[in-house]
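Each number in our numbering comes from the position in the sequence shown (counting from 1) with 1364 added on. Backbone N, C-alpha and C fix where the C-beta goes; we use that ideal spot for every residue, glycine too. These numbers were taken from a predicted model, which means no experiment stands behind them. This report refers to the structure that appears directly beneath it.
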Amino acid sequence: MLNIHKVSISFQGEDLFKDLTFRLGQGDRVGLVGKNGAGKSTLLKVLSKDIEPSTGQISEDKDLKIGFLRQDIDFVLGRTVLEESYQAFTEIKILEGKMEYINTQLAERTDYESESYNQLMIDLNDVQEQYEILGGYNYQGETEKILQGLGFKREDFNKLTDTFSGGWRMRIELVKLLLQKNDILLLDEPTNHLDIESIIWLEGFLKNYSGAVVIVSHDKMFLDNVTNRTIEISLGRIYDYPKPYTKYLVLREEMRTQQLASQKNQQKQIDQTEKLIEKFRAKASKATMAQSLIKKLDKIERIEVDADDNSVMTLSFPVSVTPGKVVIEAENVSKNYDELRVLNTISLSVERESKIAFVGQNGQGKSTLAKIIVGDVTATNGEVKLGHNVQIGYFAQNQAEYLDGSKTVLDIMIDAANETNRSKVRDILGSFLFRGDEVDKYVRVLSGGERNRLALAKLLLQPLNVLVMDEPTNHLDIKSKNVLKDALNKFEGTLILVSHDRDFLKGLTNKVYEFKDQKLKEYLGDIDYYLEQRNVENLREVEKRTVIKEKIEKPTSKQSYEDQKKIKSLNNKLSNIESDINQLEKKIKDIDLELEINYDQTVAEPNFFKNYQAKKDKLEQLMKQWEDVQFAIDNLN
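Structure (structure tokens):
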């Protein structure tokens, strides 16, 4: 469908990437990965024709339709959610206008026998036929179905888009893309503003999508569940393998190990040949042989080892002053948005040096309470008091909206600095990988990950002893996440973290507050303790289990006694399969961790890859069994 041949992009004389060549075909679901600033979002813009490549060619099938979910979107104000969603159907809306015009003419005119009146009837028939072919009689139902799949309720449909946050507007843009029947979908961080239920729905939609999909994401689970191919951009070149992300990492590491071994053996041969050449050069009788060896050496194609981009930011959060023992006191806090109550008389006390995680479904008030604490939002009832000497640093989920796109990276930092730290601005930017001319980039051209890095750098310019961070890992690559986690682990102040990323939260907090039904529930332990108490394997399961139980526990008053017995048996079987899945997923995760820590020793075990793959195959079988049993239960209910 789309052929990319030797495409390069250069900025100010420097190559971002060079001579990229690959092909996108029907059914390809590509995870486009790489560190922040590697050029992922830029490549999507090239594929969508938002920008022209510096060199190279892109050829495509005739009438190819490409849809692009950008990180930054603009909305026309004054439209409802439905009206904005219907913008996906440009041709259908034009035909509706034509039908309305013709019907008005037919109703107002009385020259029924005239040729022009007859032509109107013919035109109306043609337009209606075209309207039907394009799905005009079905598009409204399809729109409502996808809106609900991505988390909108029916009562939201007629609300103005102006009243929704940036995250919900991004969902509307995603709805429009999914309705357009594009041949290729380009999705830039599609899960950043979705709750777990919507992510699971989107996974199902994309797995059944007939066209090609290219996804930029740092959500490993999402990539593993959706993609069948991974393209990594690293140091200006690409690595392309027909595997989802986690399998790709294992495969690439295997290949790199083989390259190192082959390079080592080749170097031994080269060294031996060079010694012979030196030995033979000194003897006239061996001069011909020496020349022959030199030619042989020149013809050898040197084995290269794939380079790894190991550049990472450096980060630490120094505590400004020591605050009092209690840093935050919330008493009977409630928050309403018009008719919607998000928080209902909640109270909590945060002591100095606490490390707290806010978890729960989207829309349950996690971000709202964070904003009330930092003073961005006013509580409807109750109050939040800050303790003695408390200085709060706040990282917002929609951090990009807090950065002025018309300013440069350096301008943003200088504006935020004061007399005491202004001289350190360039050093701080350098530690966040903004070096040389990169400090003169405008914020509007930065990738999502680069904006997050800039927002983190800006945080260091203000005194703080309490950090409130709302989804700080959105847009950050894996290495940057690890650097941030390490810095937060070493932070000696108080931390409140809103996140759905279990790997990131693990070992980082000592208390968890679950937000549910306008209330808080406290768990005195880390994220693993919380999940253990909830009897689930990961944060996704917290919400998935709720849905499953709702399906299983539907009233069965009309069911026969035999059906009820079957359902009970199937439910027991489902529970056993779920238990096996949880245990096997844990084993596989432990192996993945061992691979990261000590690859050589782990793979040296007899039949390692055979046993590892057997576990993966068994997991797929169990997931298929789970689906079959669940389907059987649904049919009996």
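Just the Cα atoms here: how many angstroms apart are Leu-1986 and Leu-1558?
About 27 angstroms.
Within this structure, are the beta carbons of Ile-1602 and Ala-1576 separated by less than 8 angstroms?
No; because the gap between Cβ atoms is not below 8 angstroms, this pair is not in contact.
Under DSSP, the beta strand (DSSP E) around Arg-1898 begins and ends at which residues?
That residue, Arg-1898, is in no beta strand (DSSP E); its alpha helix (DSSP H) goes 1891-1898.
Can you say whether Ile-1368 is buried or exposed, counting buried as having 16 or more other CB atoms within 10 angstroms of its CB?
It is buried - the Cβ of Ile-1368 has at least 16 other Cβ atoms within 10 Å.
What does a CB cutoff of less than 6 angstroms around Leu-1983 pick up in its chain, not counting 5 residues either side in sequence?
Here the set comprises Leu-1948.
Going by DSSP, what residue range makes up the alpha helix (DSSP H) through Phe-1868?
It spans 1866-1869 - the alpha helix (DSSP H) in which Phe-1868 sits, taken as one unbroken run.
Which residues in the same chain as Leu-1774 place their Cβ atom closer than 6 angstroms to its Cβ, once the five residues preceding and following it in sequence are excluded?
For Leu-1774, where only same-chain residues beyond five positions count, the Cβ hits under 6 angstroms are Val-1803.
Starting from Ile-1368 and walking both ways along the beta strand (DSSP E), at which residues does that stretch end?
Per DSSP, Ile-1368 belongs to the beta strand (DSSP E) from 1366-1375.
Whether or not the segment 1581-1596 and the segment 1391-1407 are in contact is what I'm after, with contact meaning three or more pairs of Cβ atoms, one per stretch, closer than 8 angstroms; do they touch?
Counting Cβ pairs under 8 angstroms, three or more are found: they touch.
From Val-1807 to Arg-1815, what distance separates their C-alpha atoms?
Roughly 7 angstroms between the two C-alpha positions.
Please classify Asp-1881: does DSSP put it in a helix, a strand, or coil?
Reduced to three states, the DSSP call for Asp-1881 is coil.
Just to confirm the assignment, what range does the beta strand (DSSP E) spanning Thr-1507 have?
First-last for Thr-1507: 1503-1513, but that is the alpha helix (DSSP H), not the beta strand (DSSP E).
Taking 6 angstroms as the limit between beta carbons, can you name the residues of its chain near Tyr-1894, skipping five residues before and five after?
Val-1876, Tyr-1887, listed in sequence order.
Rounded to whole angstroms, what is the Cα-Cα separation between Thr-1686 and Ile-1692?
Their Cα atoms are separated by approximately 14 angstroms.
To the nearest whole angstrom, what separates the beta carbons of Ser-1698 and Ala-1743, a pair I think is in contact under 8 angstroms?
Rounded, the Cβ-Cβ distance is 7 angstroms, consistent with contact.
Closer than 6 angstroms by C-beta to Ser-1770: which residues in its own chain qualify, once you throw out the five before and the five after it? Chain order, please.
None.
Can you tell me whether Thr-1444 is helix, strand or coil according to DSSP?
It is a strand residue.
Report the option in Glu-1783, Lys-1979, Glu-1596 whose CA atom is closest to the CA atom of Asp-1954.
Selected option, being the one with the closest Cα: Lys-1979.
With H, G and I counted as helix, E and B as strand and the rest as coil, what does DSSP make of Leu-1707?
Strand.
Check whether the Cβ atoms of Val-1539 and Leu-1514 lie closer than 8 angstroms to each other.
Yes.
Does the beta-carbon of Val-1440 have 16 or more other beta-carbons within 10 angstroms, so that it is buried, or is it exposed?
Under this definition Val-1440 is an exposed residue.
To which residues of the same chain is Gln-1994 closer than 7 angstroms at the C-beta, ignoring the five residues directly before and after it?
Here the set comprises Leu-1938.
Just how far apart, CA to CA, sit Val-1375 and Val-1809?
A small fix is needed here, since residue 1375 is Phe in this sequence, not Val. Their Cα atoms are separated by approximately 11 angstroms.
What three-state label does DSSP hand Ser-1405 in the structure shown?
Of the three classes helix, strand and coil, the one that applies to Ser-1405 here is helix, per DSSP.
Can you tell me the Cα-Cα spacing of Ser-1680 and Val-1830, whole angstroms?
Rounded to whole angstroms, Ser-1680 to Val-1830 spans 14 angstroms at the Cα level.
Mapping the DSSP letters down to three states, classify Ser-1423 as helix, strand or coil.
Strand, per DSSP.
By DSSP's criteria, Lys-1749 is part of a beta bridge. Which residues make up the other side?
In the DSSP output, where bridge partners are listed per residue, Lys-1749 has Glu-1693.
For Glu-1896 and Glu-1715, what's the separation of their Cα atoms in angstroms?
When rounded, the distance between both Cα atoms is 25 angstroms.
Enumerate, from N- to C-terminal direction, the unbroken alpha helix (DSSP H) stretches of 4 or more residues contained entirely within the segment 1812-1865.
Listed in chain order, they are 1812-1823, 1842-1854.
With Val-1789 as the anchor, note down where its alpha helix (DSSP H) starts and where it stops.
1789-1795 is the extent of the alpha helix (DSSP H) around Val-1789.
Would you call the segment 1379-1391 and the segment 1598-1612 touching, i.e. three or more CB-CB distances under 8 angstroms?
These segments touch.
Tell me which residue opens and which closes the beta strand (DSSP E) that Lys-1598 is part of.
In the sequence under discussion, the amino acid at residue 1598 is Ser, which differs from the Lys named in the question. Element bounds for Ser-1598: 1593-1598.
Give the DSSP-derived three-state secondary structure of Gly-1800 in the structure shown.
Looking at Gly-1800 - three-state DSSP - the assignment turns out to be helix.
With 16 as the cutoff for other CB atoms within 10 Å, does Pro-1970 come out buried or exposed?
Exposed, since its Cβ has fewer than 16 Cβ neighbours within 10 Å.
Can you list, in chain order, the residues of its chain with a C-beta nearer than 7 angstroms to that of Asp-1583? Leave out the 5 residues immediately preceding and following it.
Closer than 7 angstroms at Cβ, skipping near neighbours: Thr-1555.
Tell me the residue span of the beta strand (DSSP E) that contains Thr-1385.
Segment 1378-1388, the beta strand (DSSP E) holding Thr-1385.
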